[in-house]
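Presented below is the structure to which this report refers.
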Amino acid sequence: MKSRIWFDLAKLLVGFILLWAVFVYLPNFFPADWKSAFSFDSDVFDMSIEQEEKLGEFILDNILDDAEEIENPFVDSVMWEIESRLLNKIGTTEYEYRFKLVDDPLVNAVTLPGGNIIVFRGLLDFAETPEEVAAVLAHEIAHVEKRHVVQKLVTELGLTFLVTVITGGDATLIHEISRTLISGVFSRSQESEADEYGMNLMLKAQIDPRSLAAFFRKLNRENMGYDEHLEWLMSHPHNNARIKSSLEFEVPDSFVSQPINVDWEAVQEELK
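The number in our numbering is simply the position in the sequence shown, starting from 1, with 3 added.
As structure tokens, then:
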């Protein structure tokens with residue numbers, strides 16, 4: 004009798020594991036457009052670009068109220084050199100991009116709704132080349148163009164809630180949304196899609212896509228990753244997986260990279 008009970012429990016456990024695996028991994032085998040059409044995030048398409056831009060303005064103003072924006076003519080000119088190389092190769096876009104550099108040691112950049120991208124000083128301090136910064140910004144631009152940030156907010160907060168915020172402009176709610184974006188992460192499929200889009204954009208801008216690998220290699224050297232054996236628990240692809248993806252990215256034989264001709268050491272010195 005006891006053996007029968009244990010057998011039934013084992014079957015239930017195996018069934019649970021298989022069901023979990025189906026929900027977690029099966030969507031990754033379908034094309035991205037199939038997932039967009041049939042995912043629970045499809046409500047994102049009910050939010051207009053105009054609504055997204057208004058929400059983005061509220062959130063950007065809220066973040067800049069709590070953070071010191073760096074306004075340095077020399078650094079601004081270098082950042083514009085990097086940003087314009089990428090933006091000029093996006094092609095037709097519905098967004099008017101705004102990049103804001105804030106004085107924070109966090110090694111990151113954050114995508115907000117409506118084409119607003121926050122760049123933290125720590126990213127510029129950490130990166131060894133302007134091309135590495137370009138790799139991160141290309142990735143963030145991908146989140147904008149693919150509307151990942153709106154999908155994230157709609158999924159976590161609901162479309163009705165967001166429209167209410169846009170209509171009322173409630174400062175408390177906007178602050179909570181800002182915290183959600185800064186502290187939250189995208190799904191692994193969204194991160195992989197953003198990496199792919201970003202490397203293609205870099206290719207068009209004649210920036211070596213392998214700069215992404217260089218950036219993640221330094222993250223590994225500085226122990227700013229996590230154990231690759233825990234990847235199945237994480238939302239982001241592991242650093243090593245992203246390095247591999249960058250190094251294996253297909254670059255045409257005719258590709259010739261054009262360095263971003265700026266004095267990067269001078270930029271980092273200016274930020275001290």
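Ideal Cβ placement from N, Cα and C applies to all residues, glycine included.
Taking one beta carbon from each stretch, the segment 201–215 and the segment 140–148 have 3 or more pairs nearer than 8 Å; the two touch. In terms of CA proximity to glutamate 179, Ile62 leads the group Leu140, Ile62, Glu199 and Gln261. In the structure shown, arginine 213 adopts coil according to DSSP, grouped into three states.
According to DSSP, residue pairing for asparagine 119 in a beta bridge involves Arg101 and Leu115.
CA-to-CA, the gap between leucine 89 and valine 168 works out to about 32 Å. Two segments are said to touch when three or more pairs of C-beta atoms, one from each, lie closer than 8 Å; by this definition the segment 215–224 touches the segment 247–254.
DSSP places glutamate 131 outside both helix and strand once states are collapsed to three, so it counts as coil. Non-local beta-carbon contacts of aspartate 128 in its own chain, meaning distances under 8 Å to residues more than five positions away in sequence, involve Pro108, Val110, Gln271 and Leu274 in chain order. Two segments are said to touch when three or more pairs of C-beta atoms, one from each, lie closer than 8 Å; by this definition the segment 147–163 touches the segment 47–60. The alpha-carbon of arginine 191 is positioned some 12 Å away from that of asparagine 242.
Scanning Ile185, Glu196, Val122 and Ala138 for the CA closest to the CA of arginine 150 turns up Glu196. One Cα belongs to leucine 176, the other to leucine 184, and the distance between them is close to 13 Å.
The C-beta separation of valine 113 from glutamate 71 comes to about 16 Å, leaving the pair out of contact by the 8 Å criterion. Non-local C-beta neighbours of phenylalanine 258 in its own chain, meaning closer than 6 Å and more than five positions away in sequence, are absent.
Each residue's CA atom was taken as its position, placing lysine 92 and isoleucine 66 some 28 Å apart.
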